[in-house]
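If you count the sequence shown from 1, position 75 lands on 75 in the UniProt record's numbering, and the numbers rise without skipping. What follows is a set of notes on a single structure, which appears directly below.
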Amino acid sequence: MSIHTHLEDLSNEIFFEIFDYLHALDILTGFTSLNQRISSILQSIPFRIIIPHNYCRRQIDFLSYYLTFHAHQVISLEIHDIILDYSSVINLLFNRHNFINLQSCIFTSINSSTKFENVFKQIQSLNRLVRFSLLDPYFNLNEKDKCVLTRMMLMHKSSSLHSIILDHCYDYLDISNYTSISSNLTSLHLRLYCTSSTVILYLVLSIFRVCHGIQHLGLRIEQKYSVENNNVNVPSLKLSLNDKDYPILSKLVSFNLIVCIICDIYSIAYILRCMPNLNRFNFLLATRMKTLHYYRKLFNGYVWEQIVKHYVPCLSNFEFHMSIWKSYSKLNLDFIVNSFQYFVRKYSNWNMIIDRWNLVSETP
Numbered sequence: 001m002s003i004h005t006h007l008e009d010l011s012n013e014i015f016f017e018i019f020d021y022l023h024a025l026d027i028l029t030g031f032t033s034l035n036q037r038i039s040s041i042l043q044s045i046p047f048r049i050i051i052p053h054n055y056c057r058r059q060i061d062f063l064s065y066y067l068t069f070h071a072h073q074v075i076s077l078e079i080h081d082i083i084l085d086y087s088s089v090i091n092l093l094f095n096r097h098n099f100i101n102l103q104s105c106i107f108t109s110i111n112s113s114t115k116f117e118n119v120f121k122q123i124q125s126l127n128r129l130v131r132f133s134l135l136d137p138y139f140n141l142n143e144k145d146k147c148v149l150t151r152m153m154l155m156h157k158s159s160s161l162h163s164i165i166l167d168h169c170y171d172y173l174d175i176s177n178y179t180s181i182s183s184n185l186t187s188l189h190l191r192l193y194c195t196s197s198t199v200i201l202y203l204v205l206s207i208f209r210v211c212h213g214i215q216h217l218g219l220r221i222e223q224k225y226s227v228e229n230n231n232v233n234v235p236s237l238k239l240s241l242n243d244k245d246y247p248i249l250s251k252l253v254s255f256n257l258i259v260c261i262i263c264d265i266y267s268i269a270y271i272l273r274c275m276p277n278l279n280r281f282n283f284l285l286a287t288r289m290k291t292l293h294y295y296r297k298l299f300n301g302y303v304w305e306q307i308v309k310h311y312v313p314c315l316s317n318f319e320f321h322m323s324i325w326k327s328y329s330k331l332n333l334d335f336i337v338n339s340f341q342y343f344v345r346k347y348s349n350w351n352m353i354i355d356r357w358n359l360v361s362e363t364p
C-alpha cells in the first residue's frame, strides 16, 4: 500500500477548502488543465479576484478568457485600474463580463480615461452586494462620475449592502436632496472637500441627517484649492450648542475624523454632540497653521475634557493626533501635555501625538 497521497485521492471537501484560500487567477492557472473531476469542482466554487498594480495585460486576458464561463461565480473583486502595461482594467472586465453575484467590490487608483457608464449599471443592479469601496488617490475621477456614483451608492437598494467607502474628493452639497440612506448600511467612510472652513459644519450636518442607521463613520475633510465654480451657495449658519434641532446618530459607536483644513473646536464639539452613544473616536488634524486663533483650544486638554464629558459620555477609546505646519513661535508644550492629564488617567495606555513642522523656506 502506497504511503503517498496523490492529488486525485483528496476529497472534494479538501479541494473546496484549498480553493477558498486562493485567488481566481491562481486557481485558473494551476487547476484548469487537470481532470474532469477538478473541472467539475471549479464550476461550483466562489471566485475572489485580486488584480494588483504589478499585473500585466497578458494575465488580465488569461483571466478574462476563463471568466467567460465563471463570471457568475465571482463574489469578490479588487481591481487596481492601472497596471504595468495597461490602464482602465475596470472597463475591460465590466464590458466583457456580468458579475451578477458580486458581494464585495473594490476599485483603486482610477485611470482618468475609464468610462463608468456600464460599470455603474452593473453595480446598481447588484442585489447581493455587501461592501463597496472606491479609492481615487490621484483625483482622476471626473465630477460627473463622482456625482452619479455617490448618489447611486448612498441610495443603493440592496438590502445586503452594509459598508461603503468613497475615497474620492466630493463636496456633497447635493446630499440634502437624497432620501434617507438605507437602514441596512452600518459602515460609511467619505472623503469630502470644502471651498472654505465656513461650510464644514453645514456639509457634515447634512450628511448626518441621512445617516440614521450608521454605526461606524469615517470622514476625511480637505481643502479644495482648485474650484471650477467658486460661487457655492451654502445657507447661512447660525448654530449654537444650545440648539435643539440637530441630527442625532443614536446608533453610531465609532467615528474616525481626519481634518486637513482650518477647523475650530466649536465645530468639533457641535459634531460630537450628535453622537450620544459614541464609544470610539479617532481624531487627526493635519493642516497648515496660519493663525493661533483657530487652534488654541484644540491644543487645550481641559476644553476636550468638557466636550467629552458633556457630549460623548460613553466614550471609552479616544485617539488624538495633530500634525501641523507652523510659522510662528513655539507652542507651550508643557501646558498642552499637562492639560490632557484627564485622558491619561481615564484611558489605559493613552497617548497623544503632536507633530510640528517648519517648512524649509521658513527656517532661518
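The C-beta atom is built at its ideal place from N, Cα and C for all residues, glycine as well.
For this session: Identify every residue that forms a DSSP beta bridge with residue 108.
Result: The count along the sequence shown starts at 1 and reaches residue 108 at position 108. Residue 108 is bridged to 80 and 135.
Exercise. In the DSSP assignment, what residue or residues form a beta bridge with residue 223?
Worked result: Residue mapping note: residue 223 aligns to position 223 of the sequence shown, counting from 1. When DSSP reads this structure, residue 223 sits in a beta bridge with 194.
For this session: Tell me where the alpha helix (DSSP H) around residue 200 begins and ends.
Result: Counted from its first residue, the sequence shown places residue 200 at position 200. Annotation: the continuous alpha helix (DSSP H) that includes residue 200 extends over 200–208.
Exercise. When the Cα of residue 262 is compared with those of 206, 324, 311 and 271, which residue comes out closest?
Worked result: Here residue 262 refers to the residue found at position 262 of the sequence shown. Of the listed residues, the one whose Cα sits closest to residue 262 is 324.
Exercise. Tell me which same chain residues have a C-beta within less than 6 Å of the C-beta of residue 258, skipping the five on either side of it?
Worked result: Looking up residue 258 in the sequence shown gives position 258. Non-local beta-carbon contacts of residue 258 in its own chain, meaning distances under 6 Å to residues more than five positions away in sequence, involve 220 and 284 in chain order.
Exercise. In angstroms, rounded to a whole number, what distance separates the CA positions of residue 318 and residue 211?
Worked result: For this step, residue 318 is matched to residue 318 along the sequence shown. For this step, residue 211 is matched to residue 211 along the sequence shown. One Cα belongs to residue 318, the other to residue 211, and the distance between them is close to 22 Å.
Exercise. Would you call residue 141 buried or exposed, if buried means 16 or more other Cβ atoms sit within 10 Å of its Cβ?
Worked result: Counting from 1 along the sequence shown, the entry for residue 141 is found at position 141. By the neighbour-count rule (16 or more Cβ atoms within 10 Å), residue 141 is buried.
For this session: Ignore the nearest five residues each way along the sequence and tell me which others in residue 12's own chain have a CB closer than 7 Å to its CB.
Result: Within the sequence shown, the letter at position 12 stands for residue 12. The answer, listed in chain order, is 41.
Problem set entry | Backbone secondary structure at residue 49 - three-state DSSP | As a position in the sequence shown, residue 49 is number 49, starting the count at 1. If DSSP states are grouped into helix, strand and coil, residue 49 belongs with the strands.
Exercise. Do you know how far the Cα of residue 43 is from the Cα of residue 280?
Worked result: Sequence index remark: in the sequence shown, residue 280 carries index 280 (1-based). Sequence index remark: in the sequence shown, residue 43 carries index 43 (1-based). Cα to Cα, residue 280 sits roughly 44 Å from residue 43.
Exercise. Using a Cβ-Cβ distance under 7 Å, would residue 90 count as near chain D?
Worked result: Included in the structure is just one protein chain, with no chain D present.
For this session: Would you decide whether residue 48 is buried or exposed? Buried here means 16 or more other CB atoms lie within 10 Å of its CB.
Result: As a first step, residue 48 is located in the sequence shown; it is residue number 48 there, counting from the start. Residue 48 sits buried, since 16 or more C-beta atoms from the chains shown fall within 10 Å of its C-beta.
For this session: Specify whether the region 130–149 and the region 176–183 touch according to this definition: at least 3 beta carbon pairs, one from each stretch, less than 8 Å apart.
Result: No contact exists between the region 130–149 and the region 176–183.
For this session: Mind checking who residue 286 pairs with in its DSSP beta bridge?
Result: Indexing the sequence shown from 1 puts residue 286 at position 286. Per DSSP, the beta bridge partners of residue 286 are 323.
Problem set entry | Rounded straight-line distance, which links the Cα of residue 224 to that of residue 135 | Walking along the sequence shown from the start, residue 135 turns up at place 135. Walking along the sequence shown from the start, residue 224 turns up at place 224. It is roughly 18 Å from the alpha-carbon of residue 135 to the alpha-carbon of residue 224.
Problem set entry | CA-to-CA distance, residue 103 to residue 127, given in whole angstroms | The residue given as residue 127 occupies position 127 in the sequence shown. The residue given as residue 103 occupies position 103 in the sequence shown. Taking the straight line from one Cα to the other gives about 9 Å.
For this session: Quick one: using the 10 Å Cβ neighbour count with 16 as the cut-off for buried, is residue 21 buried or exposed?
Result: Residue 21 sits at position 21 when you count from the first residue of the sequence shown. Exposed, because fewer than 16 other Cβ atoms sit within 10 Å of the Cβ of residue 21.
Exercise. With a CB to CB cut of under 6 Å and the five nearest residues on each side skipped, what residues in its chain are close to residue 176?
Worked result: Taking the first residue of the sequence shown as position 1, residue 176 is located at position 176. Counting only Cβ-Cβ distances below 6 Å, and skipping sequence neighbours, we find 206.
For this session: Evaluate residue 168 with the Cβ neighbour count: other Cβ atoms within 10 Å of its Cβ, from every protein chain shown; 16 or more gives buried, anything less gives exposed.
Result: The sequence position of residue 168 within the sequence shown is 168, counting from 1. Answer is buried; the Cβ neighbour count reaches 16.
For this session: Could you please give me the residues that DSSP links to residue 218 through a beta bridge?
Result: Locating residue 218 in the sequence shown gives position 218, counting from the first residue. Answer is 189 and 256.
For this session: With a threshold of 16 other CB atoms inside 10 Å of the CB of residue 226, please say whether the residue is buried or exposed.
Result: The residue you call residue 226 lines up with position 226 of the sequence shown. With a pLDDT of 49 at residue 226, under the threshold of 50, the predicted position of this residue should be treated as unreliable, and no value is reported.
For this session: Reducing DSSP to helix, strand and coil, say where residue 352 ends up.
Result: Residue 352 sits at position 352 when you count from the first residue of the sequence shown. Secondary structure at residue 352: strand, using DSSP grouped into helix, strand and coil.
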